[in-house]
Amino acid sequence: MKAKHLLAIVAIALLATSCGTVPVTGRQQLNLVSDAEVLQSGLSAYSSFMKTATISSEKTQSEQVTRVGQKIAAATEKYLTENGLAADVKNYAWEFNLVKDDQVNAFCMPGGKIVVYEGLMKLVSCDDDLAVVLGHEVAHAVAKHSNERLSQQMLAEYGGQALSVLTSGKSYSTQQIAQTVYGLGANYAVVLPFSRKHESEADYIGLVLMSMAGYNPDYALNFWQKMSTSGGNKNVPEFMSTHPSDATRIADIQKNLPAVKSKFYVAPATTTTQTTSAKTKRKTTSNSTKSNKSSKQKT
445 MKAKHLLAIV
455 AIALLATSCG
465 TVPVTGRQQL
475 NLVSDAEVLQ
485 SGLSAYSSFM
495 KTATISSEKT
505 QSEQVTRVGQ
515 KIAAATEKYL
525 TENGLAADVK
535 NYAWEFNLVK
545 DDQVNAFCMP
555 GGKIVVYEGL
565 MKLVSCDDDL
575 AVVLGHEVAH
585 AVAKHSNERL
595 SQQMLAEYGG
605 QALSVLTSGK
615 SYSTQQIAQT
625 VYGLGANYAV
635 VLPFSRKHES
645 EADYIGLVLM
655 SMAGYNPDYA
665 LNFWQKMSTS
675 GGNKNVPEFM
685 STHPSDATRI
695 ADIQKNLPAV
705 KSKFYVAPAT
715 TTTQTTSAKT
725 KRKTTSNSTK
735 SNKSSKQKT
């Protein structure tokens, strides 16, 4: 009995000293794994993926992914720096890649390594649409969801033995846990619910980040509605899914939009850049005006 009490005390002490705060939301999170460990693991996984992936040959779309991604990353770093989190900026080496794959999907690795699949671009009609996706993915990195996910998995895997594991050989245990297949009970009780929490949090933070980068967050509603009708596991109950249901996600976005827009949205400055057709039209109109003036002068 005394051993159990001692274990509980040590557990409370460890958890109390292993808490972090998520930027933007302020939520307290459990981080038992160091940033360095997660970054190293993420970079290794990303490098392995990119060796087998085929980079998209769609130049215009690839440039769009890079352009929008870098703009959101810049706004993100500015926010972190202005809010006392400049030390975190060094953890990010942003990279945005479009790969040839028909999946309607995108993912983020720790450290800001983000991949978008060509299949998802079929739903993207403008930069604001794409900003919804990239803002969401950047949010996962900024919120350190990978760190928290691993920490939760460590507790789910080791249970009462977690303390002895967490205090020694952390890197080895992290690698082992990442490869573990979890039982049904652990999945539904711990792993999946936290995944849904992360997805919902990334939706909100993503709205904030895209807004600060000058993209209109109103596009999020229409984009996620398009996503909901594009296919996927529509018949999977929410409690068995790693993502919120479409209805839950859209309802949450509707609820959060007014506050996000009023507090964070920075409308883009008016630009003088015009399309070729617009310039041609303007030139034609200008020539026509000059011709009319010349005619009037002759009269």
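One point on numbering: in this note's numbering, the residue at position 232 of the sequence shown is 676, and numbering is uninterrupted. By construction, the Cβ of each residue, glycine as well, lies at the ideal position given by its N, Cα and C atoms.
Can you give the beta carbon distance from G563 to L483, rounded, assuming they're within the 8 Å contact cut? Their Cβ separation, rounded to whole angstroms, is 28 Å, which puts G563 and L483 out of contact at 8 Å.
Taking all protein chains shown into account, decide if V533 is buried (16 or more other Cβ within 10 angstroms of its Cβ) or exposed. exposed
Looking only at DSSP bridge pairs, what is A550 linked to? V560
Can the beta-carbon of V559 be found closer than 7 Å to that of V543? yes
Kindly list the residues whose CB is nearer than 6 Å to the CB of F667, restricted to its own chain and excluding five residues on each side of it in sequence; keep chain order. So the list reads D573 and V576, once near-sequence residues are dropped.
Measure the beta-carbon distance from I649 to V468 and round it to whole angstroms, keeping in mind my assumption that it falls under 8 Å. With a Cβ gap of about 5 Å, I649 and V468 count as contacting.
Please report the straight-line C-alpha distance between D571 and T498, rounded to a whole angstrom. Each residue's alpha carbon lies about 23 Å from the other.
Inspect the beta-carbon positions of F540 and T520 and report whether they are closer than 7 Å. Between F540 and T520, the gap from beta carbon to beta carbon reaches 7 Å or more.
For the stretch 488 to 532, list the alpha helix (DSSP H) runs that are entirely contained and at least 4 residues long, ordered along the chain. 503 to 526
Quick one: what does DSSP say L567 is sitting in, helix, strand or coil? coil
In terms of residue numbering, what span does the alpha helix (DSSP H) encompassing T692 cover? Note, T692: alpha helix (DSSP H), D690 to F708.
On the DSSP bridge list, what partners appear for F540? I558
Tell me which residue opens and which closes the beta strand (DSSP E) that L474 is part of. Judged by DSSP secondary structure, L474 falls within the beta strand (DSSP E) whose first and last residues are Q472 to L474.
From this set, K557, L476, A657 and K566, which residue's C-alpha is nearest D545's C-alpha? K566
Applying the 10 Å Cβ sphere with the 16-neighbour rule, what's the burial state of P661? buried
Is N527 buried or exposed, if buried means 16 or more other CB atoms sit within 10 Å of its CB? exposed
Considering Cα atoms alone, identify which of D647, H687 and S478 is closest to S595. S478
May I have the straight-line CA-CA distance separating M553 from S706, to the nearest angstrom? 31 Å
Compare the C-alpha of L665 against each of V568, M598 and R593 and name the closest. V568
Taking 7 Å as the cut-off, decide whether the C-beta atoms of Y490 and K557 are in contact. yes
Using the Cα positions of V548 and M598, report the straight-line distance between them to the nearest angstrom. 31 Å
Rounding to the nearest angstrom, what Cα-Cα distance links G464 and A537 in this structure? 21 Å
For G464: DSSP bridge partner residues: DSSP, once it has assigned bridges, lists Q473 as partnering G464.
V652 to V704 span [Cα, whole Å]: The alpha-carbon separation between V652 and V704 amounts to approximately 6 Å.
Have a look at R693 and S672 and give me their C-alpha separation to the nearest angstrom. 10 Å
Does the Cβ of S488 have 16 or more other Cβ atoms within 10 Å, making it buried, or fewer, making it exposed? Exposed, since its Cβ has fewer than 16 Cβ neighbours within 10 Å.
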